[in-house]
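Asks:
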Amino acid sequence: MTDQRIINFNAGPAALPLPVLEEIQASFLNFSNSGMSITEISHRSSYFDDVINDAVDRAKRLLGLDDQHHVLFLQGGASLQFAMIPMNFLSGDQSADYVNTGTWSTKAIKEAKIQNKKHVVVASSEDKDFSYIPENIPFSKDAKYVHITSNNTIKGTQFAEFPDTGGVPIIADMSSDIFSRPLPLEKFGMIYAGAQKNLGPSGTCLVILRKDLLETGNADLPSMLKYSTYAEKNSMYNTPPCFGIYTIDLVLKWIEEEMGGLEKMEAYNKEKAGLLYDFMEASNFYRATAALGSRSLMNVTFRLPSEELEQKFIKEATAKGLGGLKGHRSVGGCRASIYNASTIEGVKALVEFMEAFQKEAK
Ligand code: PMP
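The opening position of the sequence shown corresponds to residue 6 in the numbering used here, with each subsequent residue numbered one higher.
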């Protein structure tokens, strides 16, 4: 228990930029002089129209999207997308390629399988416990899409470059690295991200969808499970997750106006992750678990010489206000999630603690 804000390395829900939280706090009771909280305003009001349109415009500006893309907000987290993607885009004999790089890719594949949709797992890094990103992947020529997880939150790996699929559109789960770097947009048919790491509160999922891919979508689906329903109604077929969209808008404003856009965001993220990886490379105590060349700038996963030391490390770090360093329950070890909102000062504090802990343990 503490009455201070900690340095938060949680994997998601995760730290949000402090200026965003402060702005939410300051305007929580009376949003935009409406006399109401953002959580009390009608989604059919001009107040909310301004919020959602601003969020869409900012996403487009940041990524350099043209009018060939929809920016949508859905509910059901990223996990619902695992099911909606094959449901919307595969029919009859059409098949999709999947790259399996960990738990979240495996779950995406499972949802295609459940629906009996044709799919091929064209590459997997399961042979080495998902510690690397596969290269030279034999993509199918006639796949409808290629599904990848751009950043693997649990195993701490990330696509440094996006593969050449021979023109087949990539559909990427970017839940844990959206807006952390510029993107080669021409490669993607769809990008989606659960909000709770780099964007805002959980429960909202951002979907960026190319119009030509949407046009090939299956029509005969329940309304709430069909992308066109959201595209036709500016994400307001039903009541959208208003608070989530509002927070995302503020986070995008922070990236654009405070952090200077995605190139600068990427440089900052490289600097932060570099501090941790370089320190561990030089140490014979901490061991980064992801292979060189596949290491994530967002989730730095590592081990100590023993599980006892890991437990002690996490306990002592927590006592010093460095929180959320426990690895995912499925893999153990340690993980520092350093999304956009984590600060260089926070990462430096972690490195200092790691150094002191190592000295003390030896
Ligand atoms: N994909 C990735 C890469 C994730 O990290 C997560 C959650 N940690 C999910 C999907 C699932 O997201 P949600 O809980 O929003 O369904």
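All C-beta atoms, glycine included, are put in the ideal place defined by N, C-alpha and C. No experiment lies behind these values; they were computed from the predicted model shown.
Please find out if some non-hydrogen atom of the ligand PMP comes closer than 6 Å to the beta-carbon of G17.
Replies: Yes, the Cβ of G17 comes within 6 Å of a heavy atom of the ligand PMP.
Asks: I need the boundaries of the alpha helix (DSSP H) containing D169, first residue and last residue.
Replies: Unbroken run through D169: none, as it is neither H nor E.
Asks: Have a look at D102 and P91 and give me their C-alpha separation to the nearest angstrom.
Replies: 11 Å
Asks: Pair every Cβ in the region 325-339 with every Cβ in the region 253-264, then say whether three or more of these pairs are closer than 8 Å.
Replies: With a cut-off of 8 Å, the region 253-264 and the region 325-339 do not count as touching, because too few Cβ pairs lie within range.
Asks: Is there at least one non-hydrogen atom of the ligand PMP closer than 6 Å to the beta-carbon of A83?
Replies: yes
Asks: Can you list the alpha helix (DSSP H) stretches of 4 or more residues lying completely in the region 104-175, in chain order?
Replies: Here the runs fully enclosed are 108-119.
Asks: Distance check for D178 and A295, CA to CA, integer angstroms please.
Replies: Answer to the nearest angstrom: the Cα atoms are 19 Å apart.
Asks: Going by DSSP, what residue range makes up the beta strand (DSSP E) through F307?
Replies: Unbroken beta strand (DSSP E) run through F307: 304-308.
Asks: Measuring only the C-alpha atoms, how far is Y251 from D71?
Replies: 22 Å
Asks: List the DSSP bridge partners of K231.
Replies: According to DSSP, which records beta bridges pairwise, K231 is partnered with nothing at all.
Asks: Are N157 and T106 closer than 7 Å when you measure CB to CB?
Replies: yes
Asks: To the nearest angstrom, how far is it from the Cα of I48 to the Cα of Y197?
Replies: Sequence check: residue 48 is His here, not Ile. H48 and Y197: Cα-Cα distance of roughly 23 Å.
Asks: Excluding the 5 residues preceding and the 5 following I183 in the sequence, name in chain order all residues of the same chain whose CB lies nearer than 6 Å to its CB.
Replies: Sequence-distant partners of I183 (beyond 5 residues in either direction) whose C-beta falls short of 6 Å from its own C-beta, in its chain, are A198, N203.
Asks: What ranges does the alpha helix (DSSP H) occupy inside the region 31-79, keeping only unbroken runs of at least 4 residues that lie completely in it?
Replies: 51-68
Asks: Cβ of T323 within 6 Å of any heavy atom in the ligand GDP?
Replies: Here the bound small molecules are the ligand PMP; the ligand GDP is not part of this structure.
Asks: In whole angstroms, what is the alpha-carbon distance linking P310 and D254?
Replies: 43 Å
Asks: Quick one, are the C-beta atoms of A346 and L21 less than 7 Å apart?
Replies: yes
Asks: Please look up how many angstroms separate the CB atoms of V305 and A278, rounded, as I've assumed it's under 8 Å.
Replies: 6 Å
Asks: Between F144, E312, A83, which lies nearest to T209 when the distance is taken from Cα to Cα?
Replies: A83
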